[in-house]
Amino acid sequence: MTDLPSMPFEQKHPLEPAPVLQELQEQGPVHRVRTLTGDEAWLVTGYEQVKALYSGDRLARAHPRPSRAPRLTASALFGGRPRENYLSEDADRAWFREVLHTIVSPARLRELRGSLDELVTRLLDELEAAGPPADFVDLVAVPLPTMVICRLLGVPEKDLAKCRRFTEAIADARDEQRSAAGLAALVAYLGKLAARGRAEPGGLLMRLREAPFGVDDNVIGHIGASLMFTGHHTTVVAIGYMALHLLTNPDQRDAVAADPDKLTAAVEEALRVGNVGVNTGGGNGIPTYARSELDIAGTRVRPGELVLLDTGAANHDRTVYADAYRFDIDRSDAAHLTFGHGRHYCPGAPLARLEMQALFAQLIPRFPAMRLAAEVAELRSHHDQITGGLVALPVTW
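Using my numbering, you'd call the opening residue of the sequence shown number 222 and step up by one each time.
In structure tokens:
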């Protein structure tokens, strides 16, 4: 095939899907596409198909022949060369989820809420001091999740800017060398931080360092790098889009202001509808590989082929959601798939939700007159980063 739709699809408007993606979804739930790296893949856009594939074990993140596997992007961490733990992937994932649970357990999140509220207040103080117009992404959406994940890992706050530079490099979807260098630098930094005992006491890095099962510093660095990236980049994107949706739907914002109990529903709707803009810089979907021959809605997928689960498209499936592209905090449609489903449900979801709820619980009443300082159509998304997201969100009040 030489005329396959090529990723990344151009998004004309920050709150609307790329026209090519919308056309594909209207044609059916599964499509053959070409990725940023020139490889071929299957893009799954239907809600029921994405949900079913998340629920089972028919797809893997690893590949039996990593060096020859098709790729989504050139990133060193996500979408690039697949993992080499094909035979041990399930066991490794179970162990990793146990590690992650130590920082996102219900008890740990309850402990975090007080300090999280303090962080939010501090950032909103700085936003107010900066004065309008201000970039909400730079002053709030980026620093809050970064500060939270660094605190949970035990990274000193003075090193936040350094870690941010590393993760921005890792997120590069096109420059493999830059992404790999960023990952190597972050792994080395976190490993040395733990080895020299300079990580904050009680943080995950030091707990891994002191664990009885013998995790070496390089492994600690890799675990920390993965958690740092996944633990804040996607939340940065989600916060930016939630702010944008509230600013462009003042009736919905007013509803939350009048009834704070609606905030939980507003966060869930933002996670659903905002996901249309969270297509990765290199394309759409979570990169996975077929473990065996599959039949997805009548489409035959061979073992080892790249399958992209597009949760953003699935969250806007018109057969599931009425008026799917409308931001409606009172909707009662199916639950979104932003965090996956079933055995592939993201264990970090409670942390992301907690951060968003803590932020907007203060932002909405404190800045009731906040509005956009630019036309929506002028806003730009990151097309070269694997997580996408708004480049900037100018606001005034």
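Quick reminder that beta carbons are idealized off the backbone N, C-alpha and C, glycines included. Since we're looking at a predicted model, the values are computed, not measured.
Sequence-distant residues of its chain with Cβ nearer than 8 Å to residue i (five each side left out)
{"i": "residue 436", "result": "429, 430 and 444"}
{"i": "residue 449", "result": "370, 371, 374, 376, 384, 388, 407 and 411"}
{"i": "residue 477", "result": "467, 483, 484, 487, 550, 581 and 585"}
{"i": "residue 378", "result": "368, 371 and 372"}
{"i": "residue 323", "result": "329, 425 and 428"}
Among the options, the one whose alpha carbon lies nearest that of residue i
{"i": "residue 399", "options": "606, 611, 617 and 618", "result": "606"}
{"i": "residue 285", "options": "240, 525 and 459", "result": "525"}
{"i": "residue 570", "options": "441, 615 and 452", "result": "452"}
{"i": "residue 446", "options": "253, 246, 461 and 405", "result": "405"}
{"i": "residue 320", "options": "340, 413, 441 and 248", "result": "441"}
{"i": "residue 380", "options": "276, 364 and 591", "result": "364"}
{"i": "residue 439", "options": "454, 527 and 416", "result": "416"}
{"i": "residue 559", "options": "537, 595, 552 and 254", "result": "537"}
{"i": "residue 548", "options": "472, 296, 425 and 226", "result": "472"}
{"i": "residue 601", "options": "231, 227, 224 and 225", "result": "231"}
{"i": "residue 261", "options": "489, 290 and 358", "result": "290"}
{"i": "residue 313", "options": "531, 281 and 242", "result": "281"}
{"i": "residue 474", "options": "325, 587, 540 and 576", "result": "587"}
{"i": "residue 163", "options": "479, 327 and 539", "result": "There is simply no residue 163 to check, as the chain begins at 222 and stops at 618 in what is shown."}
{"i": "residue 557", "options": "254, 269 and 344", "result": "269"}
Own chain partners of residue i with C-beta closer than 7 Å, once the 5 adjacent residues on each side are dropped
{"i": "residue 597", "result": "235, 236 and 469"}
{"i": "residue 348", "result": "355, 360 and 361"}
Bridge-paired residues (DSSP) for residue i
{"i": "residue 276", "result": "Bridge partners of residue 276: none, in fact."}
{"i": "residue 261", "result": "255"}
{"i": "residue 606", "result": "393"}
{"i": "residue 356", "result": "615"}
{"i": "residue 227", "result": "255"}
{"i": "residue 517", "result": "520"}
{"i": "residue 508", "result": "529"}
8 Å contact criterion, which residue i and residue j should meet: CB distance rounded
{"i": "residue 463", "j": "residue 495", "result": "6 Å"}
{"i": "residue 615", "j": "residue 293", "result": "About 31 Å; that fails the 8 Å criterion."}
{"i": "residue 257", "j": "residue 391", "result": "Incorrect: roughly 16 Å between the Cβ atoms, too far for contact."}
{"i": "residue 521", "j": "residue 511", "result": "Contact doesn't hold; Cβ gap of about 10 Å is too wide."}
{"i": "residue 527", "j": "residue 279", "result": "With 8 Å as the limit, residue 527 and residue 279 do not qualify as a contact, their Cβ atoms being about 14 Å apart."}
{"i": "residue 250", "j": "residue 277", "result": "At roughly 16 Å, the Cβ-Cβ gap does not stay under 8 Å, so residue 250 and residue 277 are not in contact."}
{"i": "residue 341", "j": "residue 529", "result": "Incorrect: roughly 35 Å between the Cβ atoms, too far for contact."}
Cut-off 6 Å between Cβ atoms - residues of its own chain near residue i, not counting five sequence neighbours on either side
{"i": "residue 499", "result": "Bear in mind that a pLDDT of 47 at residue 499, under 50, signals an unreliable position, so the number given afterwards is only what the model happens to contain. Around residue 499: 458, 533 and 609."}
{"i": "residue 573", "result": "456"}
{"i": "residue 403", "result": "387, 390 and 391"}
{"i": "residue 296", "result": "394, 400 and 607"}
{"i": "residue 222", "result": "For residue 222, the pLDDT reaches just 47, beneath the cut-off of 50, and the residue's location in the model is therefore unreliable, leaving the point undetermined."}
Distance cut-off 6 Å: residue i Cβ against heavy atoms of the ligand GTP
{"i": "residue 335", "result": "Ligands in the displayed structure: none, and consequently the ligand GTP is not present."}
Residue-chain proximity (residue i, chain B), Cβ-Cβ < 7 Å
{"i": "residue 425", "result": "Although the question refers to chain B, the structure presented lacks it and comprises just one protein chain."}
Curious, which full-length beta strand (DSSP E) runs of at least 3 residues does the stretch 529 to 563 contain?
-> With a minimum length of 3 residues, there is no unbroken run of beta strand (DSSP E) contained wholly in the stretch 529 to 563.
Complete runs of the alpha helix (DSSP H) confined to the stretch 285 to 337 [at least 4 residues] = Runs of the alpha helix (DSSP H) lying entirely within the stretch 285 to 337 and spanning at least 4 residues, in chain order: 310 to 325.
Continuous alpha helix (DSSP H) assignments of at least 4 residues falling wholly in the stretch 399 to 438 | With a minimum length of 4 residues, the continuous alpha helix (DSSP H) runs that stay inside the stretch 399 to 438 are 425 to 430.
For the stretch 562 to 593, which segments carrying the beta strand (DSSP E) assignment without a break, of at least 3 residues, lie completely within its bounds, in sequence order?
-> Assignment of beta strand (DSSP E) within the stretch 562 to 593, counting only whole runs of 3 or more residues, yields no such run.
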